[in-house]
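Take a look at the structure set out below.
Residue numbers (the working numbering), protein chains in the order written: chain A, 6 to 128; chain B, 12 to 123.
Shown next, in the form of structure tokens:
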């Protein structure tokens, strides 16, 4: 059974660092892109960035370039999203999802999602 | 970036009545692989998005056949033939052709 399991909700203060995780199981983790999606309270879905765990090829959406770092450890089937200095505006729920390495297999794109990690940044 | 524009942004529908959501892309979503990379998602409060339809018109496993997707190029439609109570939530279209992938703004469906 394919699963993406994310780390739990966190409350942080502005300026603190944070790393959240997304662990895949039930499929070949290294051979699917993992993407991170932000959803601010009451708002829509925004793509942040993607990583291909096999070689750590990473792409960022322009809005998030330089604001976050995406990484992966294929040995433990886990992808990460991290901040070096959080802001109140980073308060949101973050989802991970997967896409097959090949764009030519859209049936294996965004078919499984993590449960979401709620991040609250408040002084 | 491929801008995705949905309409309407809000729908109030009587149980058993049809509903329709439009999605327009800034450019064609037809890729060189012959696929059109347009997907539809449904999200309930507190839940992750769930993919309903991929590649314009292919329903995911477990999705009722009252849901259908159509369109081509840059114009797409999601239709619900007879709305049921469980259909409430927000519907998003999304293009997966070019990075950065992009979602539409979302359409909130409520029951009258």
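C-beta: ideal position from N, C-alpha, C; glycine also.
From the options, residue whose alpha carbon lies closest to that of residue i
{"i": "residue 72/A", "options": "83/A, 51/A, 85/A, 95/A", "result": "95/A"}
{"i": "residue 101/A", "options": "54/A, 93/A, 60/A", "result": "54/A"}
{"i": "residue 68/B", "options": "75/B, 79/B, 115/B, 62/B", "result": "79/B"}
{"i": "residue 26/A", "options": "13/A, 17/A, 18/A", "result": "13/A"}
{"i": "residue 28/A", "options": "115/A, 111/A, 85/A, 127/A", "result": "85/A"}
{"i": "residue 61/A", "options": "112/A, 113/A, 40/A", "result": "40/A"}
{"i": "residue 18/B", "options": "106/B, 92/B, 86/B", "result": "86/B"}
{"i": "residue 58/B", "options": "128/A, 111/A, 99/A", "result": "99/A"}
{"i": "residue 24/B", "options": "117/B, 91/B, 75/B, 115/B", "result": "91/B"}
{"i": "residue 127/A", "options": "90/A, 51/A, 115/A", "result": "90/A"}
{"i": "residue 33/B", "options": "51/B, 12/B, 44/B", "result": "51/B"}
{"i": "residue 31/A", "options": "46/A, 23/A, 6/A", "result": "6/A"}
C-beta atoms of residue i and residue j nearer than 8 Å
{"i": "residue 121/A", "j": "residue 11/A", "result": "yes"}
{"i": "residue 57/A", "j": "residue 106/A", "result": "yes"}
{"i": "residue 104/B", "j": "residue 26/B", "result": "no"}
{"i": "residue 35/B", "j": "residue 47/B", "result": "no"}
{"i": "residue 38/A", "j": "residue 113/A", "result": "no"}
{"i": "residue 93/A", "j": "residue 44/A", "result": "no"}
{"i": "residue 22/B", "j": "residue 113/B", "result": "no"}
Residue i to residue j span [Cα, whole Å]
{"i": "residue 65/A", "j": "residue 111/B", "result": "7 Å"}
{"i": "residue 81/A", "j": "residue 122/B", "result": "44 Å"}
{"i": "residue 120/B", "j": "residue 70/B", "result": "19 Å"}
{"i": "residue 108/B", "j": "residue 40/B", "result": "6 Å"}
{"i": "residue 37/B", "j": "residue 78/A", "result": "36 Å"}
{"i": "residue 16/A", "j": "residue 123/A", "result": "8 Å"}
{"i": "residue 98/B", "j": "residue 19/A", "result": "38 Å"}
{"i": "residue 83/B", "j": "residue 42/B", "result": "11 Å"}
{"i": "residue 12/B", "j": "residue 28/B", "result": "35 Å"}
{"i": "residue 116/A", "j": "residue 106/B", "result": "14 Å"}
{"i": "residue 45/B", "j": "residue 51/A", "result": "26 Å"}
Give the list of continuous alpha helix (DSSP H) stretches no shorter than 4 residues that lie fully inside the stretch 10 to 91 of chain A.
none
Complete runs of the alpha helix (DSSP H) confined to the stretch 31 to 88 of chain B [at least 4 residues]
none
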